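Numbering (our numbering), first residue to last: 2 to 87.
Idealized CB from N, CA, C, for every residue including glycine.
Fair warning: this is a prediction, and the values are worked out from it, not measured in the lab.
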């Protein structure tokens, strides 16, 4: 009788271990699902911003930023006593 009881206890412990492992896996799947939903919303927001963008405004902004970058990287030239337009 004691041997059968130990066997049942061992089997029950194995069932509990498997159940705990499945619980961990389900929790991980829920976490990954939540992350996927968050990323989907971010992607939809970014896509909407790209699709709804004003093309003229975007091009104008791009060229203004490009000109600003060129201006910032240009070396500083100090002219004294000359008539250059720099």
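DSSP on residue i, reduced to helix/strand/coil?
i, result
"residue 54", "coil"
"residue 65", "helix"
"residue 75", "coil"
"residue 42", "helix"
"residue 87", "Since pLDDT at residue 87 reaches only 49, below the 50 mark, its modelled position is unreliable, and the value read off the structure follows with that caveat. Reduced to three states, the DSSP call for residue 87 is coil."
"residue 48", "helix"
"residue 30", "helix"
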